[in-house]
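Down below is the structure, laid out as structure tokens.
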Amino acid sequence: MQDRELILSIRDLDISFQTTAGSVHAIRGVDLDLYRGETVAIVGESGSGKSVSMKAVMGILDKNSTINSGRILFTYQEHGAAKTVDILQLDRKTIRHTINGRHIAMVFQDPMTSLDPTMTVGKQIMEGMVLHDRLGKQEAWKRAVSLLTMVGISDPEKRMKNYPHQLSGGMRQRVVIAIALACDPEVLICDEPTTALDVTIQAKILELIKRIQNEMKLSVIYITHDLGVVAKVADYVNVMYAGNIVERGQIDEVFYDPRHPYTWGLLSAMPDLDTNDERLYAIPGSPPNLMHEKKGDAFAPRNIYALNIDDRLMPPMFKITETHAAATWLLHENAPAVQMPEELRARIERMKEEAAK
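Counting in my numbering, the sequence shown runs from 325 upward without gaps.
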């Protein structure tokens with residue numbers, strides 16, 4: 325844990341979107357840290373604000389967005405020296421030319437929509453190198469071929485001349501990863517990188533990202549709703565709900581000692597072959613409409629353990645250990661003692677046994 329180098333620090337990020345129906349308060353005070361070489365996962369249901377937070381880091385928010393407050397401090401290497409910038413203070417053009425691709429790259433959810441169907445795979449990989457690294461065509465071609473080899477694509481010379489529609493889903497995702505790595509970024513953001521793929525290909529893509537991360541000393545952020553993915557790849561987990569991070573900690577802390585009722589619900593909803601329940605657990609209710617902000621804890625209407633104070637005041641982050649914290653009034657010293665559901669406790673014991681094997 326010593327000498328960890330902070331590379332990305334998000335503080336009090338608050339974002340709204342103006343829509344025809346009114347203002348949507350999508351991100352409400354997010355704090356997040358990423359250290360060099362480590363993997364952070366952001367998990368939560370659809371609409372919890374995972375992708376929006378990372379789009380702010382990339383400077384690719386939609387035009388109808390308003391950043392109400394916050395800082396995104398990013399430290400990167402430029403000509404052998406460390407440089408720190410607040411991404412929110414940079415204009416889009418500067419972000420596109422100095423940060424995106426060169427220092428922070430993103431792997432999007434659906435490779436078919438992130439690849440240009442009219443360009444060969446080779447041209448798309450070479451594009452960033454020619455633009456950012458000023459490489460000549462021949463040099464860029466060689467590097468692109470070596471990147472395709474690195475991401476496990478056989479016969480790379482031939483694949484360079486293929487168009488996206490000529491490749492399988494798994495190969496397209498590997499090409500997207502190769503494009504993301506083309507300019508040696510320091511941070512790789514993976515937005516649901518395995519959602520569109522079948523299970524066997526998913527595992528291979530996750531192994532590939534992990535191997536490349538170790539080789540290139542990358543810092544990785546995973547955006548996912550799949551806790552199975554998180555368990556395989558993450559060092560730290562941030563659980564998001566309604567634009568807030570409601571629990572954060574090391575992977576073992578969040579998986580084996582979860583403290584927020586929402587985290588209990590997410591873990592209980594994971595498919596498990598050994599469970600006694602006949603039906604898969606689902607968190608009651610549905611996520612809140614962020615156009616109509618609720619006073620107090622946004623999760624309270626779905627929380628069977630909710631206290632009276634939840635309807636009045638938003639809970640602060642209660643510190644559990646140096647690295648583990650959760651935003652729930654159940655952790656207040658005056659709160660009644662509430663234990664996680666017994667079925668979840670049994671499931672966690674099984675998870676520990678499996679991990680030990």
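We put the CB at the ideal spot given by N, CA and C, even for glycine. Please read all numbers here as calculations on a predicted model, not as lab measurements.
Helix, strand or coil at residue i [DSSP, three-state]
i: residue 604; result: coil
i: residue 663; result: coil
i: residue 622; result: coil
i: residue 459; result: coil
i: residue 610; result: coil
i: residue 325; result: Low local confidence applies: a pLDDT of 48 at residue 325 is under 50, so the model's placement there is unreliable, with the coordinate-based value given in what follows. Coil, per DSSP.
i: residue 527; result: helix
i: residue 671; result: helix
i: residue 589; result: helix
i: residue 355; result: strand
i: residue 645; result: coil
i: residue 628; result: coil
i: residue 520; result: coil
i: residue 650; result: strand
i: residue 439; result: coil
i: residue 636; result: coil
i: residue 335; result: strand
For residue j and residue i, believed in contact at Cβ under 8 Å, the rounded distance
i: residue 374; j: residue 564; result: 6 Å
i: residue 355; j: residue 392; result: About 15 Å; that fails the 8 Å criterion.
i: residue 583; j: residue 650; result: 4 Å
i: residue 411; j: residue 511; result: Not confirmed; about 11 Å, so no contact.
i: residue 371; j: residue 611; result: 5 Å
i: residue 367; j: residue 554; result: 6 Å
Bridge partners - residue i, DSSP secondary structure assignment
i: residue 564; result: 569
i: residue 548; result: 367
i: residue 543; result: 511
i: residue 348; result: 341
i: residue 574; result: 560
i: residue 532; result: According to DSSP, which records beta bridges pairwise, residue 532 is partnered with nothing at all.
i: residue 330; result: 359
**Message:** Would you call the stretch 436-451 in contact with the stretch 483-492, where contact means no fewer than 3 C-beta pairs closer than 8 Å?
**Reply:** Flag = yes, the stretch 436-451 and the stretch 483-492 touch.
**Request:** Please list the segments of the alpha helix (DSSP H) lying wholly inside the stretch 464-516, counting only runs of 4 or more residues, in order along the chain.
**Result:** 480-483, 493-505
**Item:** Inside the stretch 361-433 only - alpha helix (DSSP H) runs reaching at least 4 residues
**Value:** 374-382
**Touch test, the stretch 362-370 against the stretch 526-545, Cβ-Cβ under 8 Å, three pairs minimum** = Contact between the stretch 362-370 and the stretch 526-545 is present, with at least three C-beta pairs closer than 8 Å.
**Message:** Is it the case that the stretch 635-643 contacts the stretch 604-624, given that we only count it when at least three CB pairs across the two stretches are under 8 Å?
**Reply:** yes
**Message:** Could you check whether the stretch 471-484 touches the stretch 518-538, counting it as contact only if at least three pairs of C-beta atoms, one from each stretch, sit closer than 8 Å?
**Reply:** yes
**Prompt:** Is it true that the stretch 514-522 meets the stretch 544-561, where meeting means three or more beta-carbon pairs spaced less than 8 Å apart?
**Reply:** yes
**Request:** Decide if the stretch 393-401 is in contact with the stretch 326-333; the criterion is three or more beta carbon pairs, one per stretch, under 8 Å apart.
**Result:** The stretch 393-401 is in contact with the stretch 326-333.
**Request:** Could you tell me whether the stretch 624-634 touches the stretch 642-657, using the rule of 3 or more Cβ pairs below 8 Å?
**Result:** yes
**Item:** the stretch 342-349 in contact with the stretch 519-531 per 3-pair CB rule at 8 Å
**Value:** no
**Prompt:** Does the stretch 662-681 come close enough to the stretch 569-586 to have 3 or more Cβ pairs within less than 8 Å?
**Reply:** yes
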